[in-house]
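There are 2 protein chains.
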Amino acid sequence: MKPEQAYEALRTFQIDTAYYQSLGALAGWDQRTYIPQKGHAHRARQFAALARLLHKRRTDPRIGEWLDAIEGSDLVADPESPEAANVREWRRDYERAVRVPDDLAVALAQAQSEGESAWESLREADDWAGFQPYLKRVLDLQREYAEAVGYETEPYDALLEDYEPGERAARLQTMFAELGRATRALLERIRGSEVRPPVEVLHRNFPVEVQRAVAYEVTGLLGYDLEGGRIDPTAHPFELSVGPGDVRITTRYYPDYFNAAFFGSVHEAGHAMYEQGLPAEHWGTPMGQAVSMGVHESQSRMWENLVGRSLGFWRFYYPKLQPRFAALADVGLEDFHRVVNAVRPSLIRVEADEVTYNLHILIRFELELALFRGELEVDDLPEAWNAKYRDYLGVTPPNFKDGVMQDVHWSGGMFGYFPSYTLGNVYAAQLFEAARRDLGDLEEAFARGAFAPLLEWLRDRVHRHGRRFPPRQLVERATGAAPSTDALVRYLNDRFGALYEL
Amino acid sequence: MKPEQAYEALRTFQIDTAYYQSLGALAGWDQRTYIPQKGHAHRARQFAALARLLHKRRTDPRIGEWLDAIEGSDLVADPESPEAANVREWRRDYERAVRVPDDLAVALAQAQSEGESAWESLREADDWAGFQPYLKRVLDLQREYAEAVGYETEPYDALLEDYEPGERAARLQTMFAELGRATRALLERIRGSEVRPPVEVLHRNFPVEVQRAVAYEVTGLLGYDLEGGRIDPTAHPFELSVGPGDVRITTRYYPDYFNAAFFGSVHEAGHAMYEQGLPAEHWGTPMGQAVSMGVHESQSRMWENLVGRSLGFWRFYYPKLQPRFAALADVGLEDFHRVVNAVRPSLIRVEADEVTYNLHILIRFELELALFRGELEVDDLPEAWNAKYRDYLGVTPPNFKDGVMQDVHWSGGMFGYFPSYTLGNVYAAQLFEAARRDLGDLEEAFARGAFAPLLEWLRDRVHRHGRRFPPRQLVERATGAAPSTDALVRYLNDRFGALYEL
Numbered sequence: 003m004k005p006e007q008a009y010e011a012l013r014t015f016q017i018d019t020a021y022y023q024s025l026g027a028l029a030g031w032d033q034r035t036y037i038p039q040k041g042h043a044h045r046a047r048q049f050a051a052l053a054r055l056l057h058k059r060r061t062d063p064r065i066g067e068w069l070d071a072i073e074g075s076d077l078v079a080d081p082e083s084p085e086a087a088n089v090r091e092w093r094r095d096y097e098r099a100v101r102v103p104d105d106l107a108v109a110l111a112q113a114q115s116e117g118e119s120a121w122e123s124l125r126e127a128d129d130w131a132g133f134q135p136y137l138k139r140v141l142d143l144q145r146e147y148a149e150a151v152g153y154e155t156e157p158y159d160a161l162l163e164d165y166e167p168g169e170r171a172a173r174l175q176t177m178f179a180e181l182g183r184a185t186r187a188l189l190e191r192i193r194g195s196e197v198r199p200p201v202e203v204l205h206r207n208f209p210v211e212v213q214r215a216v217a218y219e220v221t222g223l224l225g226y227d228l229e230g231g232r233i234d235p236t237a238h239p240f241e242l243s244v245g246p247g248d249v250r251i252t253t254r255y256y257p258d259y260f261n262a263a264f265f266g267s268v269h270e271a272g273h274a275m276y277e278q279g280l281p282a283e284h285w286g287t288p289m290g291q292a293v294s295m296g297v298h299e300s301q302s303r304m305w306e307n308l309v310g311r312s313l314g315f316w317r318f319y320y321p322k323l324q325p326r327f328a329a330l331a332d333v334g335l336e337d338f339h340r341v342v343n344a345v346r347p348s349l350i351r352v353e354a355d356e357v358t359y360n361l362h363i364l365i366r367f368e369l370e371l372a373l374f375r376g377e378l379e380v381d382d383l384p385e386a387w388n389a390k391y392r393d394y395l396g397v398t399p400p401n402f403k404d405g406v407m408q409d410v411h412w413s414g415g416m417f418g419y420f421p422s423y424t425l426g427n428v429y430a431a432q433l434f435e436a437a438r439r440d441l442g443d444l445e446e447a448f449a450r451g452a453f454a455p456l457l458e459w460l461r462d463r464v465h466r467h468g469r470r471f472p473p474r475q476l477v478e479r480a481t482g483a484a485p486s487t488d489a490l491v492r493y494l495n496d497r498f499g500a501l502y503e504l
Numbered sequence: 003m004k005p006e007q008a009y010e011a012l013r014t015f016q017i018d019t020a021y022y023q024s025l026g027a028l029a030g031w032d033q034r035t036y037i038p039q040k041g042h043a044h045r046a047r048q049f050a051a052l053a054r055l056l057h058k059r060r061t062d063p064r065i066g067e068w069l070d071a072i073e074g075s076d077l078v079a080d081p082e083s084p085e086a087a088n089v090r091e092w093r094r095d096y097e098r099a100v101r102v103p104d105d106l107a108v109a110l111a112q113a114q115s116e117g118e119s120a121w122e123s124l125r126e127a128d129d130w131a132g133f134q135p136y137l138k139r140v141l142d143l144q145r146e147y148a149e150a151v152g153y154e155t156e157p158y159d160a161l162l163e164d165y166e167p168g169e170r171a172a173r174l175q176t177m178f179a180e181l182g183r184a185t186r187a188l189l190e191r192i193r194g195s196e197v198r199p200p201v202e203v204l205h206r207n208f209p210v211e212v213q214r215a216v217a218y219e220v221t222g223l224l225g226y227d228l229e230g231g232r233i234d235p236t237a238h239p240f241e242l243s244v245g246p247g248d249v250r251i252t253t254r255y256y257p258d259y260f261n262a263a264f265f266g267s268v269h270e271a272g273h274a275m276y277e278q279g280l281p282a283e284h285w286g287t288p289m290g291q292a293v294s295m296g297v298h299e300s301q302s303r304m305w306e307n308l309v310g311r312s313l314g315f316w317r318f319y320y321p322k323l324q325p326r327f328a329a330l331a332d333v334g335l336e337d338f339h340r341v342v343n344a345v346r347p348s349l350i351r352v353e354a355d356e357v358t359y360n361l362h363i364l365i366r367f368e369l370e371l372a373l374f375r376g377e378l379e380v381d382d383l384p385e386a387w388n389a390k391y392r393d394y395l396g397v398t399p400p401n402f403k404d405g406v407m408q409d410v411h412w413s414g415g416m417f418g419y420f421p422s423y424t425l426g427n428v429y430a431a432q433l434f435e436a437a438r439r440d441l442g443d444l445e446e447a448f449a450r451g452a453f454a455p456l457l458e459w460l461r462d463r464v465h466r467h468g469r470r471f472p473p474r475q476l477v478e479r480a481t482g483a484a485p486s487t488d489a490l491v492r493y494l495n496d497r498f499g500a501l502y503e504l
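If you read the sequences in order, they're chains A and B.
Taking the numbering used here, the leading residue of the first sequence gets 3, the next gets one more, and so forth.
Taking the numbering used here, the leading residue of the second sequence gets 3, the next gets one more, and so forth.
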């Protein structure tokens, strides 16, 4: 078969797979928004049937044959061409898929699904002893999975590869340790500050219907195209792409808490703007896909924090927000800006502020690594968890459910995922600094409601490339420097230094 | 291969196909409810990809091989066993699928999709000349389709078979002509009546939020299980089954018209209760599927009309409804019952009352039959349409859009579908009469809010059988008599004779 023919056959095959997958994506959205209570059992069976179909297609031997016919040909001579990038990524995905034996794939899917279900009820009951066997089973299977897909240095790298291609545990360890030191130093200084943001104002009455209108308004102003999206209520917010022209977000409304829906919507809209910026003409191929979870998170956290919690943004938006809520009548712009940036060490990751957030991730990363390096047993996990929380954040979990059992990730087998959150913060700060270098004073632009320049810059430097470059290379090309924590540390010191008058 | 093995392999294969199809069903629901405006193009491509997958699976030669290994074996010796029914229906579906050449299947799908799109805009523009070529193309392909799948007597029978297995044009012609004569005689008598229901009350102010609460309440009271369903707003109402425990309906709310949402919801809930009554353990096989469009429509129209427009029902429900709408404060039970049953010959099928509805269907059926028998050309369709409306209903369409172009069906190639509506009325009346024979005075039960006995009777006689018996046989077994229009004529004469004091 000629390379051109093989490429076309492979491309068509992969796009069809993507269409089936995108029917599943929609079913996932429905499962977390509007599904009737009694529809869950059928939905689980639908997903299982789809998973079998997708697994069969991803390991179809024809993929290997088509790739063999293309690789080394003129069609992929330019390594930065869409064809070369697609073929490189298809080969990577295929090799990883075929290395997992069918029975391991089935066992993983089942253990992870059972683990998540068990976590739901056992966390509620604060039952660590009951949860432990599930966690051990998932962990054993993940170890088996790491051996199956392979790695150069250590098993944890095999897991990282699923979320952050090319990333390595050893490098993260250094990077995160540096960030941890800088963060704890900043936190110490903040503890010594006399500034006390009046955080109670965030817990006043915020009618849900008004919050909903605000969520639509603010995400639209930032650049989320709502003609190709929507915002629905849900228990655990997420962004979900059905396909070009259909990128949805969800949020959670509390009548007595402002931050959740507002910053949650902006965060998910950041994910959505990335998806909306991927090249539609490459949909269903690697060139049309997001490159990594870390880069994805860099987009959500940039819009949520670097933009959405900036003084410039609030200069622009507070005059629009304030008149809508009676609760804010006596709250001035500066105080409001302070309270949405208040730093308070706490037990719960998803409620953490920008300064302490990375410490929550650091704890999880260190524990995961210890588990996979054989330096820690599941039995000793709660104690290790609590010790680190005391050490890094000065708080002690009073139970399992707000401690070691707080996140769903481990029960679902997502070891290697947590670093994406901090990588997102690292990439966000570095990209933002580079954008400011190119575009001038961004805060001043935000104060005028001008968010398009930043979005266009991100479209150009990040979104439109899909998986053309590996994530670290993408960040380096966009910013002119290898990824490091420098920009993030500068940003945190600047913003919180000013806010806390350090 | 042993028959038992072949059966299990075939069953598993078909159920997987059903899971894929049910992902498409959900996507269809979303397409008509919550899809973002810009998501339609991607959705159309998703459907096309799914259609290719489903077509390939439905014509998979392994189905023929498995069937060959089962047929004639002891496994299917009892013709009423689930296995025998499934095998019989799988064979039928498979033979019909493989007779359609791939290129015809593609051409049909494309022409029908283009026809529906063209209809949307050309109907709006009242452009019959522009629409004609689309209609001719669809009609030609439907003729080709009829030849491909085959028939005993005439091509139209091949189309009927898709909606009402075993039904024949010649038999419908006789049945519908009788019904037409009886209906026109009743209509003549109603025209002479001095009773004038005060229909303007239906066009007063009915706040949408209250209508929505009423739709949930009334469908729940009738027996629609809303823990396994939901009601969403849409432009063109429909019922949609994702699977067991997930059977949804939609409706359309007008703030100045009562009937649309109320009777629309009850109608769709009738469809939904049928789907909820299908045996879940047979889901994905013929034993778990609705038997025909006519029987489906008998369920929706029974709950909408024979129950929902009965005096017994309103004795029960009007005291609940009236206090909710200020608009009804001065309207008594008897007047309200009269206005929701008002008979008025009109141009538009979907707005027709129970008496004239079947005349709208009769017109379409006669025209379809003439087209397929070569007695009528597309060019002459508008004139033939208008002549029949003058003759049967005494009204003359002032344009194409409220005349020959009013329904989407033909543009989408659904010739042979319209008879299902009247068959639904015929079956509904016959089933209802039989239920009353078994259960006693149903109206009296309705007046007490007792709808469960009727639903249980339908579950037992109709729902639980899936496709075990062909539709006519199902109705005959349920009622003890071959399907005929007698019960419907008796019912219409009784109800409207009383209402119009004839």
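Quick reminder that beta carbons are idealized off the backbone N, C-alpha and C, glycines included.
If you're wondering where the values come from, they're calculated on a predicted model, not measured in any experiment.
Approximately 33 Å separates the beta-carbon atoms of residue 106 (chain B) and residue 5 (chain B); this is outside 8 Å, ruling out the contact. Residue 140 (chain B) and residue 110 (chain B) have their C-alpha atoms spaced approximately 7 Å apart. Residue 235 (chain B) sits in a strand when the DSSP states are folded into three classes. For residue 426 (chain A), the uninterrupted alpha helix (DSSP H) run begins and ends at 421-441, by DSSP. Within the stretch 293-367 of chain B, complete alpha helix (DSSP H) segments of at least 4 residues are found at 295-303, 313-323, 335-341, given in chain order.
Judged by DSSP in its simplified three-state form, residue 166 (chain A) adopts coil rather than helix or strand. Per DSSP, residue 14 (chain B) is one residue of the alpha helix (DSSP H) stretching across 5-33. Residue burial is scored here from C-beta neighbours: residue 142 (chain A) has fewer than 16 other C-beta atoms within 10 angstroms and is therefore classed as exposed. For the options A:62, A:147, A:263, A:289, the alpha carbon positioned closest to that of residue 212 (chain A) is the one of A:263. Interface residue (Cβ-Cβ distance to chain A less than 8 Å): residue 43 (chain B) is classified as such. The criterion of a C-beta distance shorter than 8 Å is not satisfied by residue 329 (chain A) and residue 250 (chain A). Distances from the CA of residue 241 (chain A) to each of A:227, A:403, A:272, A:70 were compared; the closest alpha carbon is that of A:272. Nearest CB-CB separation between residue 245 (chain A) and chain B: below the 8 Å threshold.
Between the alpha carbons of residue 466 (chain A) and residue 454 (chain A) lies a gap of roughly 16 Å. Its Cα nearest to that of residue 9 (chain A), the residue A:74 stands out among A:74, A:147, A:450. 8 Å or more divides the Cβ of residue 97 (chain A) from the Cβ of residue 473 (chain A).
Setting aside the 5 residues that flank it on each side, residue 200 (chain B) is surrounded in the same chain by 337, 341, each with a C-beta closer than 7 Å to its C-beta; the list follows chain order. Distance from the CA of residue 61 (chain B) to the CA of residue 480 (chain B), rounded to the nearest whole angstrom, comes to 34 Å. Sequence-ordered contacts of the stretch 73-94 of chain A with chain B are nonexistent [C-beta pairs closer than 9 Å]. Annotated three-state conformation of residue 183 (chain A) is helix, per DSSP.
Contact of residue 392 (chain A) with chain B by beta-carbon distance below 7 Å is absent, the smallest such distance being about 46 Å. Residue pairing for residue 504 (chain B): DSSP places it in no beta bridge.
Neighbours of residue 37 (chain A) in chain B, taken as residues whose beta carbon is under 8 Å from its own, are 248 in chain order.
In this structure, B:149 is the residue among B:196, B:149, B:92 with its C-alpha nearest to the C-alpha of residue 102 (chain B).
Interface flag for residue 105 (chain B) against chain A is unset, since no Cβ pair is found closer than 8 Å. By a beta-carbon distance limit of 8 Å, residue 468 (chain B) contacts residue 290 (chain B). Their separation comes to about 5 Å. Pairing residue 179 (chain A) with residue 155 (chain A), the inter-Cα distance amounts to about 20 Å.
Residue 247 (chain A) carries a coil assignment under DSSP once its states are collapsed to helix, strand and coil. For residue 290 (chain B), the nearest beta carbon of chain A is not closer than 8 Å to its own beta carbon. Taken atom to atom, the span from the alpha-carbon of residue 476 (chain A) to that of residue 79 (chain A) is near 20 Å. In terms of CA proximity to residue 169 (chain A), A:159 leads the group A:159, A:39, A:411. Within chain B, 48 have C-beta atoms less than 7 Å from the C-beta of residue 24 (chain A), given in sequence order.
Bridge pairing for residue 241 (chain B): B:251 [DSSP]. Residue 29 (chain B) belongs to the set of residues whose beta carbon lies under 8 Å from a beta carbon in chain A.
Taking 9 Å as the cut-off between beta carbons, none of the residues of the stretch 178-211 of chain A comes near chain B.
Beta-bridge annotation (DSSP): residue 153 (chain B) is not paired with any residue.
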